[in-house]
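Colleague: I have a structure I would like to understand better, so I am pasting it below and will then ask my questions one at a time.
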Amino acid sequence: MSASCWVITSSVLDNVYKVPRLPQPGESVLVSSIEKFFGGKGTNQAIACARSGAPTFALGCVGEDETGDEFIALMMQEGINVAGMRQSKTSPTGQAAISVQPDGLNQISVYVGANMDMSVAQIEAAGINPDDYVLCQLEVPFAVVQAASHKAKFILNPAPHSDISDELISMCFAITPNETEAKALTEILPVDEISMSKACDYLLARGAQNVLLTLGDRGVYWKSSSESGFFPAPLVRAVDTTGAGDVFNGCLVARLAHGDDFPSALEYSVAAASLSVTRPGAVPSIPTDGETRRFLAEGQD
Ligand code: ATP
Ligand code: RIB
14 MSASCWVITS SVLDNVYKVP RLPQPGESVL VSSIEKFFGG KGTNQAIACA
64 RSGAPTFALG CVGEDETGDE FIALMMQEGI NVAGMRQSKT SPTGQAAISV
114 QPDGLNQISV YVGANMDMSV AQIEAAGINP DDYVLCQLEV PFAVVQAASH
164 KAKFILNPAP HSDISDELIS MCFAITPNET EAKALTEILP VDEISMSKAC
214 DYLLARGAQN VLLTLGDRGV YWKSSSESGF FPAPLVRAVD TTGAGDVFNG
264 CLVARLAHGD DFPSALEYSV AAASLSVTRP GAVPSIPTDG ETRRFLAEGQ
314 D
């Protein structure tokens, strides 16, 4: 029997522009296509969690508009419990402008909109059990993040980067920065196993129980007070890396809630995230449990 996964959602409609290369500051480039996808770190994470088969509860805020209605309908379709979602009367649903170049690398600007209207009261009213897992990112108000950190086993994806207190780090059962977030938090760029280990030590010394550095096409490095390991990403043809970190986080919480140890949960989550970069968009790229297991067994399809 799985513990429940509470995912603090942020919902953002992604406007995705295909460009020949990401523009430099002051440069214009021509866009070859425009597509809209459901996204937002928290929604991507909740859907990854649900598609991995875990009981998933979304807590978040969308606008009282058509896009907000569509986000809630999408979550319900995915089997996510939406009793803790609300709709803001004053702010629209979030949107993002995302440019993607042919090798899948992207540049993202986010208007968070209604996500910032999520309230601490929603966390307090949710009925989170201390044995459950809470996964949170930073596209919601800081007070919400803090409140969530006290409720259950707390996994923090510190993205997009913001300065976070040592007190919040000390609440983390796991913290999952990517390379740039790790550098911003620790002043150490994780380029090799020595610097990866040092960056993890910095966060472990501040009380995080597990540090997971996501390293793009290199995979993930994990360290706790007694164990560490490197989980390489499989070689894939990347077309769009948007949401890869979210897939990793959503799958991780799902597998831990199911009772996996870190090495098994990491093997699964790295595979799912790497599979997601072979497909365009955020939500449409998220694999199901069956797809991830096939990929683990057979390699890229
Ligand atoms: P994003 O902000 O795009 O959602 P992120 O920066 O939070 O992503 P990354 O560290 O880039 O997260 O990627 C998370 C995981 O996704 C990696 O650990 C890896 O498993 C997979 N991944 C990302 N990019 C690639 C790639 N080019 N090839 C294979 N796997 C990849
Ligand atoms: O992590 C990827 C997500 O970040 C995108 O879906 C975009 O909405 C931004 O919030």
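14 is the number of the first residue of the sequence shown in our numbering; add one for each residue after it.
For each residue, glycine too, the CB sits at the ideal point set by N, CA and C.
Between S41 and chain B, is there a C-beta pair that is closer than 8 Å?
Modeller: Here there is only one protein chain, and chain B is not present.
Colleague: Buried or exposed: V204, going by 16 or more other Cβ atoms within 10 Å of its Cβ?
Modeller: So V204 counts as exposed.
Colleague: Which of the three DSSP states is assigned to E83 in this structure?
Modeller: Note: E83 maps to helix in three-state DSSP.
Colleague: Would you grab the beta carbon distance between V25 and V32 for me? Rounded to a whole angstrom, and I think it's under 8 Å.
Modeller: The pair is not a contact, with the Cβ atoms about 19 Å apart (cut-off 8 Å).
Colleague: Skipping 5 residues on each side, what residues in its chain have a beta carbon closer than 7 Å to that of A161?
Modeller: Result list for A161: I21, I136, V147, C149, F167, in chain order.
Colleague: Check M131 in the structure and name its three-state DSSP category.
Modeller: Three-state DSSP puts M131 in coil, outside helix and strand.
Colleague: Please tell me whether, using a cut-off of 7 Å, the distance from the CB of C54 to the nearest non-hydrogen atom of ligand 2 is below it.
Modeller: Contrary to the premise, residue 54 reads as Lys rather than Cys in this sequence. K54 Cβ: within cutoff of ligand 2.
Colleague: Count the other C-beta atoms from every protein chain shown that fall within 10 angstroms of the C-beta of V113, then say buried if there are 16 or more, exposed otherwise.
Modeller: Buried is the call here.
Colleague: Is I60 helix, strand or coil when you go by DSSP?
Modeller: I60: helix per DSSP, three-state reduction.
Colleague: Take S183 and list the residues in its own chain whose beta-carbon comes closer than 8 Å to its own, dropping the five residues that flank it on each side.
Modeller: R219, G220, A221, listed in sequence order.
Colleague: Strictly by DSSP, which residues pair up with N223?
Modeller: In the DSSP output, where bridge partners are listed per residue, N223 has S237.
Colleague: Look at the alpha carbon of H271 and the alpha carbon of N119, and state the distance between them as a whole number of angstroms.
Modeller: Using only the alpha carbons, I get a separation of about 32 Å.
Colleague: In its own chain, which residues sit with a C-beta less than 8 Å from the C-beta of N57, not counting the 5 before and 5 after it?
Modeller: Answer for N57: G256, D259, V260, G263, A295, V296, I299, listed in chain order.
Colleague: Determine the contact status of A16 and D144, defining contact as a CB-CB distance below 8 Å.
Modeller: Their beta carbons are under 8 Å apart, which means A16 touches D144 by this criterion.
Colleague: Under the rule that 16 or more other beta-carbon atoms within 10 Å means buried, what is A134, buried or exposed?
Modeller: Exposed.
Colleague: May I ask you to report which of helix, strand or coil DSSP gives Q90?
Modeller: Correct three-state label for Q90: helix.
Colleague: In angstroms with no decimal places, state the Cα-to-Cα distance between P276 and D130.
Modeller: Approximately 37 Å between the Cα atoms of the pair.
Colleague: From this set, G76, A96, V95, which residue's C-alpha is nearest Q108's C-alpha?
Modeller: Minimum Cα distance to Q108 is reached at G76.
Colleague: Candidates E91, L169, G312: which alpha carbon is nearest V224's?
Modeller: Here the closest residue by C-alpha is L169.
Colleague: With a threshold of 7 Å (Cβ to nearest heavy atom), would F50 be considered close to ligand 1?
Modeller: Not so, every heavy atom of ligand 1 lies at least 7 Å from the Cβ.
Colleague: Return yes when the Cβ of L288 is within less than 8 Å of the Cβ of A278, no when it is not.
Modeller: For A278 and L288, no; Cβs fall outside 8 Å.
Colleague: Kindly examine ligand 4 and report whether one of its heavy atoms sits closer than 7 Å to the Cβ of N191.
Modeller: Within the structure as shown, ligand 4 is missing, the only ligands being ligand 1 and ligand 2.
Colleague: If I measure Cβ to Cβ from L202 and keep anything under 6 Å in the same chain, skipping five residues before and after, which residues do I get?
Modeller: Around L202: K196.
Colleague: Is A71 near ligand 1 - that is, is its Cβ less than 7 Å away from at least one heavy atom of it?
Modeller: Flag unset: Cβ of A71 not near ligand 1.
Colleague: By DSSP's criteria, E48 is part of a beta bridge. Which residues make up the other side?
Modeller: E48 is bridged to V29.
Colleague: As a quick exercise: from N191, R306, G303, L151, pick the residue whose alpha carbon is nearest that of D176.
Modeller: Ranking N191, R306, G303, L151 by Cα distance to D176 puts L151 first.
Colleague: Out of T301, L228, S23, E194, which has the shortest C-alpha to C-alpha gap to V125?
Modeller: For V125, the nearest C-alpha among the options comes from S23.
Colleague: For V157, report the span of its alpha helix (DSSP H) as first-last.
Modeller: Element bounds for V157: 155 to 162.
Colleague: Out of I47, T69, F308, E192, which has the shortest C-alpha to C-alpha gap to E280?
Modeller: Comparing Cα-Cα distances from E280 to each of I47, T69, F308, E192, the minimum goes to F308.
Colleague: Any heavy atom of ligand 2 closer than 7 Å to the CB of A361?
Modeller: There is simply no residue 361 to check, as the chain begins at 14 and stops at 314 in what is shown.
Colleague: Quick one, which of G97, E79, P115 has its alpha-carbon nearest S104's?
Modeller: Looking at the Cα atoms, E79 is the closest of the given residues.
Colleague: Does the Cβ-Cβ distance between F50 and L87 come in under 8 Å?
Modeller: Not closer than 8 Å, so no.
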